[in-house]
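There are 2 protein chains.
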Amino acid sequence: MAVSKRSKKDPVILITNDDGVMAPGILNLAEAVKDLGKIIIVAPDKPQSGMGHAITIGSPLRLQQVHLIDGAEAWSCSGTPVDCVKLAVDKILHGKPDICLSGINHGPNHSINVIYSGTMSAAIEASIESIPSIGFSLLDYSMEADFSAARKYARIIVERILRKKQDKHLCLNVNFPAVDESLISGIKVCRQAYAKYEEDFDERKDPTGKKYYWLTGAFVNFDKGKDTDVWALNNNYVSVVPVQFDLTNYEQKTKLEKTFKL
Amino acid sequence: MAVSKRSKKDPVILITNDDGVMAPGILNLAEAVKDLGKIIIVAPDKPQSGMGHAITIGSPLRLQQVHLIDGAEAWSCSGTPVDCVKLAVDKILHGKPDICLSGINHGPNHSINVIYSGTMSAAIEASIESIPSIGFSLLDYSMEADFSAARKYARIIVERILRKKQDKHLCLNVNFPAVDESLISGIKVCRQAYAKYEEDFDERKDPTGKKYYWLTGAFVNFDKGKDTDVWALNNNYVSVVPVQFDLTNYEQKTKLEKTFKL
């Protein structure tokens, strides 16, 4: 792959995440794609996992310039991942980047996780704003995770998406299996599996005897399909699910028209 | 409509919101449907607007029993709207309610708001957990808003949905125009409009000269369709959009398979 010098025509690549600007995952993502365009990093100043599509409306936001990697402007933001995208476009880039990348998340965002994930919500926010976007996640929660295979495939995916003009609302949810590069079967375009958490709150008592609850639960896959992201990851594929922000259930829409005839 | 006495066969109706357990909207919703089943209210102890599908994973949750209306068990929860649904099912109801209602929100949740809204995320969480659900929102942010038309139509909608067995993942996003009952045109089943906020952060300086930013912006409707929720509301209809949690963009999926052939 030819690496060209930075020019005005280089794509502007906005990078964010939900694990915070200091997480190894975002550094790995920036390193993986740094020669594909002009990199601007705007990420939360603290972990924001599970924040979903939350935005900050009751308090103001702060931005602070930081150094992450040479040659890339980087900012730490006091808000959520979605706030980071909004602020980056309005106050740092003063316009739209060519692509927005989010991650690499420490932990999976396949199946129903797409809805809870701050990583994916940042990517979805970009696609709402007509910026093609990709969220990346590695199936390893560890801060010491091995990102080498993820880096290789993240770069391949970004390079292929940048190669030609994409739908302005394109949003991809990419997950990497936590295996050695030599074991990866390839890249598989999938649908979101119907798999969810079966909650089982851990009930405890504080020193005054009052109850409190920790969210815990088991992840259960109810989906037997071989075209899902969970299946792909279980079979060592990199899973790619195209995601949309139109939540309308068109099949139900037709059925419901009869129910609501007044 | 005949009102039967409470019996074991009465549907169990879980009610939550994102404006907090003390907001007038949730009281109006509970009053509107209280004779349609056994009411259990579990709602945030403080406003949680714009929390999207956030869940609380870094700190534990608290529940506190409160009194809202006679004959209904009510709990205040320290978490997000999604946490409320999870905790209600696991620790209060010890099982699934027949339906989950969320709202009535003070302010619109049509079009793209469905993604930012704590009200709708609570309803979506219920539908993920195989509980049919309905989120209600009134196009009036005021805490003194007139809920009389919203109450009437919320009751009609809940009654019709309870009348027969629904898809276990049914989730409706219902918005009420802020007009007098006499002006309401009817109920319209719609799709989600492509309409979004154009951000324009308000940049200020604190007393030490450091910048901070308030999220503001104008709502812009890019969608000219007459089958959208925004069109329906502009024409004084109660809008009903069926919502799904499978975010897969199936059209893109087919297109992308070629892009990622290795």
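So the sequence lines, in the order shown, correspond to chains A and B.
Just so we're aligned: 95 in my numbering is position 105 of the first sequence, and the numbers increase by one with no gaps anywhere.
Just so we're aligned: 41 in my numbering is position 51 of the second sequence, and the numbers increase by one with no gaps anywhere.
Even for Gly, the Cβ is constructed at its ideal location relative to N, Cα and C.
query	result
If the cut is a Cβ gap below 7 Å, which residues of chain B does residue 202 of chain A touch?	50, 51, 52
Can you have a look at residue 214 of chain A and say buried or exposed, based on whether 16 or more other CB atoms are within 10 angstroms of its CB?	exposed
Mind pulling the chain A residues with CB within less than 7 Å of residue 43 of chain B?	42, 43, 105, 106
Looking at the unbroken beta strand (DSSP E) that takes in residue 219 of chain A, where does it start and where does it end?	Run containing residue 219 of chain A: none in the beta strand (DSSP E); it sits in the alpha helix (DSSP H), 219 to 224.
Of the residues A:233, A:204, A:229, A:242, which one's Cα is nearest the Cα of residue 76 of chain B?	A:204
Is the beta carbon of residue 211 of chain B sitting closer than 7 Å to the one on residue 94 of chain B?	no
Given a cut-off of 7 Å, decide if residue 87 of chain B and residue 162 of chain B are closer than it, judged by their beta-carbon atoms.	no
Less than 7 Å between the beta carbons of residue 230 of chain B and residue 179 of chain B, yes or no?	yes
Using only the alpha-carbon positions, how far apart do residue 159 of chain A and residue 68 of chain B sit?	36 Å
Among the residues of its own chain, which have a CB less than 7 Å from the CB of residue 255 of chain B, if the five just before and after it don't count?	Past the edges of chain B, shown from -9 to 252, lies residue 255 of chain B, and the structure says nothing about it.
Can the beta-carbon of residue 246 of chain B be found less than 7 Å from the beta-carbon of residue 182 of chain A?	no
Taking residue 230 of chain B as the query, report the chain A residues whose CB atoms sit under 7 Å from its CB, ordered along the chain.	246, 250
Based on Cα-Cα distance, which residue from B:31, B:113, B:170 lies nearest to residue 139 of chain B?	B:170
From residue 102 of chain A to residue 102 of chain B, what distance separates their C-alpha atoms?	19 Å
For the stretch 15 to 46 of chain B, which residues have a CB atom closer than 8 Å to at least one CB atom of chain A, in sequence order?	37, 39, 40, 41, 42, 43, 44, 45, 46
So residue 150 of chain B contacts chain A; which residues on that side make the cut at Cβ distance below 9 Å?	249, 250
What did DSSP end up calling residue -9 of chain B once you bin it into helix, strand or coil?	With a pLDDT of only 38 at residue -9 of chain B, under the threshold of 50, the placement of this residue in the model should not be trusted; the figure read from the coordinates follows. Residue -9 of chain B: coil per DSSP, three-state reduction.
Considering residue 242 of chain B, what are the terminal residues of the alpha helix (DSSP H) in which it resides?	240 to 249
What does residue 235 of chain B reach in chain A if we use C-beta pairs closer than 8 Å?	102, 105, 237
Give a yes or no on whether the minimum CB-CB distance between residue 181 of chain B and chain A is below 7 Å.	yes
Considering just the uninterrupted stretch of the alpha helix (DSSP H) at residue 138 of chain B, what are its terminal residues?	138 to 153
Would you kindly work out how many angstroms separate the C-alpha atoms of residue 61 of chain B and residue 81 of chain B, rounded to a whole number?	20 Å
Could you tell me the distance, in whole angstroms, from the CA atom of residue 7 of chain A to the CA atom of residue 38 of chain A?	9 Å
Which of helix, strand or coil does DSSP assign to residue 108 of chain B?	helix
Residue 178 of chain B bridges to which residues according to DSSP?	B:229
Check residue 9 of chain B in the structure and name its three-state DSSP category.	coil
Straight-line CA distance for residue 118 of chain B to residue 92 of chain A?	25 Å
So what's residue 165 of chain A in DSSP terms, helix, strand or just coil?	strand
Of the choices B:145, B:206, B:134, B:172, whose alpha-carbon is the least far from that of residue 12 of chain B?	B:134
Should residue 208 of chain A go down as buried or exposed, given a rule of 16 or more other Cβ atoms within 10 Å for buried?	exposed
What do you get for residue 225 of chain A, buried or exposed, if any count of 16 or more other CB atoms within 10 angstroms of its CB means buried?	exposed
Residue range of the beta strand (DSSP E) that residue 211 of chain B falls in?	207 to 211
With residue 89 of chain A and residue 151 of chain A assumed to form a contact (beta carbons below 8 Å), what rounded beta-carbon distance in angstroms separates them?	7 Å
By how many angstroms is the C-alpha of residue 195 of chain A removed from the C-alpha of residue 116 of chain A?	42 Å
Rounded to a whole number of angstroms, what is the C-alpha to C-alpha distance between residue 137 of chain A and residue 98 of chain A?	13 Å
Should residue 44 of chain A and residue 44 of chain B be called a contact, given that it needs their Cβ atoms to be closer than 7 Å?	yes
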